[in-house]
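My numbering applies: residue 1 is where the sequence shown begins, and numbers increase by one. All residues carry an ideal CB built from backbone N, CA and C; glycine is no exception. From a predicted model like this one, the values you see are computed outputs, not experimental measurements. Below is one structure, written out as C-alpha cells; comments come after it.
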Amino acid sequence: MSRLDAQPYGDWSGCHAVAWDANVNPSMGDRVASNEHTKSGYPLGLMLNTDGRRFVDEGADLRNYTYAEYGRAVLGQPDHVAFQVWDSRVASMLRSEEYREERVERITANSIEELSEKCLARGLRNRANFVQTIRDYNEAVYANRQETSSCPRKFNPAIRDGLSTLSSSKSVDPPKTNWALPLDKGPFLAVKVTCGITFTFGGLKLSADTSQIINSINGKPIPGFYCCGEMLGGLFYHNYPGGSGLTSGAVFGRRAGQAAARRVLAIRQGRSYPGKL
Numbered sequence: 001m002s003r004l005d006a007q008p009y010g011d012w013s014g015c016h017a018v019a020w021d022a023n024v025n026p027s028m029g030d031r032v033a034s035n036e037h038t039k040s041g042y043p044l045g046l047m048l049n050t051d052g053r054r055f056v057d058e059g060a061d062l063r064n065y066t067y068a069e070y071g072r073a074v075l076g077q078p079d080h081v082a083f084q085v086w087d088s089r090v091a092s093m094l095r096s097e098e099y100r101e102e103r104v105e106r107i108t109a110n111s112i113e114e115l116s117e118k119c120l121a122r123g124l125r126n127r128a129n130f131v132q133t134i135r136d137y138n139e140a141v142y143a144n145r146q147e148t149s150s151c152p153r154k155f156n157p158a159i160r161d162g163l164s165t166l167s168s169s170k171s172v173d174p175p176k177t178n179w180a181l182p183l184d185k186g187p188f189l190a191v192k193v194t195c196g197i198t199f200t201f202g203g204l205k206l207s208a209d210t211s212q213i214i215n216s217i218n219g220k221p222i223p224g225f226y227c228c229g230e231m232l233g234g235l236f237y238h239n240y241p242g243g244s245g246l247t248s249g250a251v252f253g254r255r256a257g258q259a260a261a262r263r264v265l266a267i268r269q270g271r272s273y274p275g276k277l
C-alpha cells in the first residue's frame with residue numbers, strides 16, 4: 001500500500017477486542033472453534049481481575065454493544081486476565097457454544113470461598129478481595145431491592161432492565177446498572193479470560209461511492225484499486241456494535257465489485273472510463 005501512496009485512515013489505536021478464553025493457544029486461531037473462544041456472558045454475572053476487583057460495569061448495555069470493547073478492559077488489568085463469575089441462577093443461560101465443558105475450562109465450587117481457592121491456582125492473586133468484592137456486590141444488590149420494593153423491577157436479559165446496585169445506603173464502584181442479580185446461590189461457576197483482538201479499526205481511506213482507495217498525496221481515488229472489509233479505515237472508533245462488520249463488508253464490497261466491473265467492461269470495449277473507476 002505504501003508503494004501506491006494509499007491514505008491511512010481511522011482509529012489506529014482502537015480495535016475490536018473481546019473477552020477470550022485464557023487457555024487457548026495465543027499464537028494461532030482455530031478455524032473450527034472460530035469465535036466460540038469468545039466469552040460474552042459477563043452481563044449475567046461479574047468480572048474480577050487477579051487482584052479480586054471488578055473493573056467494568058458488566059450491565060452497562062446489551063452484550064452486542066459492549067463485547068468488542070470489554071476485551072480491551074481485560075487487557076488493561078494485571079496479568080491481562082480476569083475471571084468471569086456466575087451463580088446457579090444464571091449459569092444455565094450462558095451460550096452453549098461459548099461455555100460448554102468441551103469448549104472451555106469451567107471452574108466450579110459450592111461456595112465463593114471454595115471458588116476463590118480454585119481461582120488462586122489459576123492466577124488469582126488475592127482471595128480475600130475476591131470474596132469481599134462479591135459480598136459487597138450482593139449487599140448493594142439487596143440494598144437496591146429494598147429501596148425499590150414499592151416498584152420492583154423484573155429481571156429480563158433481553159432488555160436493559162434497570163436492575164442495579166444503585167442505592168442511597170450501599171454503593172459499589174463500578175456499579176452494575178442492569179441485570180444485577182445476587183450472586184449467592186451455589187454452585188458457582190468461573191471462567192478465566194484474556195483479551196482477543198479480532199481486527200484493528202485503522203485502515204485505508206476510500207471513496208465511499210466506489211470503495212476506491214484514496215491517494216495520500218493528491219487526495220484522489222487511485223484507478224483500479226479498491227478496499228472493503230477489515231482493511232477499510234474510519235468506520236469504527238472506540239467501540240463496535242455487533243454485526244456491523246458484516247454489514248460494512250457487504251455494502252462496500254458490493255460497491256467495489258460494481259466499480260471494478262464497470263472499469264473492466266470499459267477497458268474490454270475500448271471505451272474511455274472515468275479516472276475515478
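Bounds of any beta strand (DSSP E) do not take in F252; it lies within the alpha helix (DSSP H) bounded by S244 to R268. Listed in chain order, the non-local C-beta contacts of G229 below 6 Å within the same chain comprise G249, local neighbours out to five positions each way being set aside. Partner residues in the beta bridge of M47, as assigned by DSSP, are Q84. Every unbroken stretch of the beta strand (DSSP E) spanning 3 or more residues and falling wholly within the region 54-126 is given here in chain order: 82-86 and 107-109. Counting only the Cα atoms, H16 lies some 9 Å from F236. Going by beta carbons, L4 and I217 fall outside the 8 Å limit. Residues V131 of the same chain have their beta carbon placed closer than 7 Å to that of E113, with the five preceding and five following residues left out of the count. Between L115 and A109, the gap from beta carbon to beta carbon is short of 8 Å.
Per DSSP, C151 lies in no beta strand (DSSP E) and is assigned neither H nor E.
Comparing alpha-carbon positions, the option among T200, D173 and F83 lying closest to D11 turns out to be T200. At a Cβ-Cβ threshold of 8 Å, F55 and K192 do not count as neighbours. For Q212, the three-state secondary structure derived from DSSP is strand. Fewer than three Cβ pairs drawn from the region 161-173 and the region 95-107 lie within less than 8 Å of each other, which leaves the two stretches out of contact. Here the alpha carbons of S40 and E139 stand approximately 25 Å from one another. Bounds of the beta strand (DSSP E) holding H16 are C15 to D21. The region 32-52 makes no contact with the region 260-269; the number of CB pairs closer than 8 Å stays below 3. Among the bridge pairs identified by DSSP, K192 is matched with F83.
In the DSSP assignment, L232 is bridged to L204.
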